[in-house]
Structure formats: structure tokens, C-alpha cells
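K.L.:
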Amino acid sequence: QPHLVESGGGVVQSGGSLRLSCRVSGTWITIYTMAWYRQTPGQLRKLIASIDVDGKRNYTDSVKGRFTISRDNDKRTVYLQMNDLRPDDMATYFCNAPHERWTWGRGTQVTVSP
22 QPHLVESGGG VVQSGGSLRL SCRVSGTWIT IYTMAWYRQT PGQLRKLIAS IDVDGKRNYT
82 DSVKGRFTIS RDNDKRTVYL QMNDLRPDDM ATYFCNAPHE RWTWGRGTQV TVSP
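Note that my numbering has the sequence shown beginning at 22, numbered continuously upward.
(1) Under the three-state reduction of DSSP, which class applies to Asp93: helix, strand or coil?
(2) Could you give the distance in angstroms between the alpha-carbon of Gly37 and the alpha-carbon of Thr54?
(3) From Val33, Tyr58, Thr51, Gly47, pick the residue whose C-alpha is nearest to that of Arg127; which is it?
(4) Could you tell me which residues DSSP pairs with Trp57 in its beta bridges?
(5) Please determine, among Asp110, Pro119, Pro135, Glu121, the residue with the shortest C-alpha to C-alpha distance to Leu39.
(6) Determine the closest residue to Ile90 out of Ala56, His24, Trp49, with distance taken between C-alpha atoms.
(7) Whole-angstrom Cβ separation of Ile52 and Arg97, contact assumed at under 8 Å?
(8) Compare the C-alpha of Tyr100 against each of Gln22, Gly30, Thr132 and name the closest.
(9) On a CA-only basis, which of Thr61, Lys77, Leu68, Trp125 is nearest Val131? Give me that one, please.
(10) Counting only the same chain and skipping the five closest in sequence on each side, list residues whose C-beta sits under 7 Å from that of Arg107.
(11) Would Ile72 and Val84 qualify as a contact pair, given that the criterion is a beta-carbon distance under 7 Å?
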């Protein structure tokens, strides 16, 4: 099973930016669509951004225009650049390969203050 480690979360003010990273070990990610998810307490984990092997990106409407997903296959790392953060972006963020559903990492917490 690949191992996923998310990082880069923190506390920011509304309107601020963060860049999340997801390092994958145990496999190369070249052949996989990768995605970022987020989860708030009591809610299901929700896919918010994905990038396929050709670099095609998809976003849920709530983050479109503010978040950018990217990947570095050589580094086995997926990134999520988050700009113009809002209080409702506050969540724990996870990455995974949506067609593979590897074991989830611990995620990284994002807190946005008003």
C-alpha cells in the first residue's frame, strides 16, 4: 500500500493563502489520477480537486478559481495552492488516488480566521 503524507496546513486569516503538499511513497504516481479531499467534523470526506495523468484538472465549484492542483511525478508529490481562503474552507485536507483508494493519510488541518 502506498503511504500518503499531507503537509502545509496551518492557520491563516480570511483572504490568505496556503500551499499543501502530499508526498506519496511506495509507488510512483505517474500513472494515477490524484486528488485532494477535505473533511469537516461530522461530514463525509469530499473530493475538491483532481488532476489526471495528462494534467487535466477538475475542481468542485466552491474552490474553482481560488485553488490550483498540480503534480510533480518525479518527486511523487501533489500540491494544492489555495488562495483567497475563506472560513468555510476550514477543514482537514487529504490526498488520494480516487480510482485506487489507497489507505488515507492523517491529513493536514487548515484553519481560516474571519
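Glycine included, every Cβ here is placed at the ideal spot set by N, Cα and C.
P.N.:
Reading from the atomic positions:
(1) strand
(2) 28 Å
(3) The option with the nearest alpha carbon to Arg127 is Tyr58.
(4) Ala70, Cys116
(5) Asp110
(6) Ala56
(7) Not quite, the Cβ-Cβ distance comes to about 12 Å (not below 8 Å), so this is no contact.
(8) Selection Gln22, Gly30, Thr132 evaluated against Tyr100 yields Gly30 as nearest (Cα-Cα).
(9) Thr61
(10) Within the same chain, Arg107 has close Cβ partners Ser35, Val133.
(11) no
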